[in-house]
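Numbering of the sequence shown is given in the numbering used here, commencing with residue 1186 and proceeding in unit increments.
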Amino acid sequence: PDIRRLYGYHGAEHKTINAYEAGADLTPSSVARFPLEHPRCGTAFLLTVVVISILIFTLLPPLSIPLRIVSRVLLLPIVAGIAYEFIRF
1186 PDIRRLYGYH GAEHKTINAY EAGADLTPSS VARFPLEHPR CGTAFLLTVV
1236 VISILIFTLL PPLSIPLRIV SRVLLLPIVA GIAYEFIRF
């Protein structure tokens, strides 16, 4: 699989969403003027969740497997909230 093609489609998706939200025509020439970044990018959110999870979960003491699973499940909403606020900041 060509990862560049995948990223190209992902960037085109962002440009199209930005154009749509701005009320612009959804033609290739119109959409091309819009930025690649989008504030609600799910990929950026998931990457941020992973990084914050690594930072937080490395601070936890060694736990048994059942306690480790429970701690991850209980902390996941907190990690997601922190990631959401970080992206909005």
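In this text, a Cβ means the ideal position worked out from N, Cα and C, and glycines have one as well.
Everything numeric in this text was worked out from a predicted model, so none of it was measured.
- For S1214, the three-state secondary structure derived from DSSP is helix.
- The residues I1237, in chain order, have a CB closer than 6 Å to that of I1267 in the same chain once the five nearest residues on each side in sequence are set aside.
- Cβ-Cβ distances below 6 Å link A1209 to S1215 in the same chain, with the five nearest sequence neighbours on each side left out; the list follows chain order.
- In the structure shown, T1243 falls within a coil segment according to DSSP collapsed to helix, strand and coil.
- V1255 has its alpha-carbon roughly 33 Å from the corresponding atom of H1223.
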